[in-house]
Amino acid sequence: MSNNLVNNDFSDITFGRKSVRVYDETYKISHEEMLEMIQESATAPSSVNMQPWRFVVVESDEQKAKLKPLIRFNTRQNDSSSAMVLIFGDMNCHEYGEEIYNQAVEEGKMPAEVRDQQLAAIIPHYEKLTKEQMNDVVKIDSSLIAMQFMLVARAHGYETNPIGGFEADQLAEAFGLDKERYVPVMILSIGKAKEMGYTSVRLAADKITEFK
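When the letters of the sequence shown are read in order and numbered with this note's numbering, they come out as residues 8 to 219.
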């Protein structure tokens, strides 16, 4: 299933959104479509295009059972969803810098001299960032792709629920990742909604905005 998200009207996706916690547990999403949705989501903005987001798709009963004790009050989503999408930020994302920028040159999106200039500045800068600074970078970028994935999923006909309540200090290791390198950012449940839940309210724009 292909979707040109640039031409989509997202008003039906964002307005009146309901928090879905119960899905059709019989519905499975193919690996092909899941990868397609992730690829479409990867057009999200990224600081100097380092793309620090990393995905772990938890879909089997065995792996969901491993995840269940780590997600606190969100077990209904885990039990019924087609998958739980774990989004991590890669603290060493700049190791892919040369590969990313080489691809840009190969596809005619960037001159080779610009690539060389930018990599000469970007890589040393990233290497000098403190752990706290790098943590902020990867979490901001990974949060952007998480929101984009939610929009993409809706365009594909699925519902999602963002989950921030989980055992952050255990999540990476539980799924075979280096916890020093991969920072857990968010978990998204995804599937066909069985119960839509309640529509939440939002503060008025004039209460959260100042014009100077």
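The beta-carbon is built from N, C-alpha and C at its ideal position, and this holds for glycine as well.
With a cut-off of 8 Å on the beta carbons, I'd call residue i and residue j a contact; round off their distance for me.
{"i": "R130", "j": "G96", "result": "For clarity, residue 130 is Ile in the given sequence; the question names Arg instead. That belief does not hold up - the Cβ atoms of I130 and G96 are roughly 18 Å apart, past 8 Å."}
{"i": "M154", "j": "C100", "result": "19 Å between Cβ atoms; not a contact."}
{"i": "V92", "j": "I197", "result": "6 Å"}
{"i": "V192", "j": "I94", "result": "5 Å"}
{"i": "G172", "j": "R28", "result": "Not confirmed; about 12 Å, so no contact."}
{"i": "S88", "j": "Y205", "result": "That belief does not hold up - the Cβ atoms of S88 and Y205 are roughly 18 Å apart, past 8 Å."}
Looking only at its chain, what residues have a beta carbon closer than 6 Å to the beta carbon of residue i, apart from the 5 residues adjacent to it on each side?
{"i": "S9", "result": "With a pLDDT of only 40 at S9, under 50, the local geometry of the prediction cannot be trusted, and no value is derived from it."}
{"i": "D31", "result": "K199 and K201"}
{"i": "T21", "result": "Because T21 carries a pLDDT of 49, less than 50, the predicted location of this residue cannot be relied on, and no value is offered for it."}
{"i": "Q84", "result": "R28, N168 and S196"}
{"i": "D19", "result": "Low confidence applies here, because D19 scores a pLDDT of 45, under 50, leaving its location unreliable and the question unanswered by this model."}
{"i": "Y133", "result": "H101"}
{"i": "L136", "result": "none"}
Given that a residue counts as buried once 16 or more other Cβ atoms are within 10 Å of its Cβ, and exposed if not, what is residue i?
{"i": "K214", "result": "exposed"}
{"i": "L12", "result": "In this prediction, L12 has a pLDDT of 40, which is less than 50 and means its spatial position is unreliable; nothing more can be read from the coordinates."}
{"i": "D176", "result": "exposed"}
{"i": "A90", "result": "buried"}
{"i": "E47", "result": "buried"}
{"i": "M157", "result": "buried"}
{"i": "L77", "result": "buried"}
{"i": "M98", "result": "buried"}
{"i": "L208", "result": "Per the sequence shown, the amino acid found at residue 208 is Val instead of Leu. Burial call: exposed."}
{"i": "M141", "result": "buried"}
{"i": "F218", "result": "exposed"}
Leaving aside the five residues before and after residue i along the sequence, list all residues of the same chain whose C-beta is less than 7 Å from its C-beta, in chain order.
{"i": "A160", "result": "M44, T167 and I197"}
{"i": "N81", "result": "I170 and G172"}
{"i": "V65", "result": "K71, L74, A90, M91 and L93"}
{"i": "V145", "result": "P59, G96, D97, M98, C100 and V190"}
{"i": "T216", "result": "none"}
{"i": "Q125", "result": "Y108"}
Does the beta carbon of residue i come closer than 8 Å to any beta carbon on chain D?
{"i": "P131", "result": "As a matter of chain content, chain D is missing from the structure shown, which is built from one protein chain."}
Using a Cβ-Cβ cut-off of 8 Å (strictly less than) and excluding sequence neighbours within five positions of residue i, which residues of its own chain qualify?
{"i": "D148", "result": "A51, P52, S53, S54, M57, Q58, P59, W60 and G96"}
{"i": "V112", "result": "P118, A119 and R122"}
{"i": "S150", "result": "V192 and M193"}
Among the options, which has the Cα closest to the Cα of residue i?
{"i": "D68", "options": "T33, L151 and S207", "result": "T33"}
{"i": "K35", "options": "R209, T216, M203 and Y165", "result": "Y165"}
{"i": "F62", "options": "F218, S37 and L184", "result": "L184"}
{"i": "I194", "options": "Q125, I152, K135 and L126", "result": "I152"}
{"i": "R188", "options": "A212, D86, E174 and E102", "result": "E102"}
Legend entry - Segment contact flag, the region 179-192 with the region 26-43, C-beta cutoff 8 Å, min 3 pairs: no
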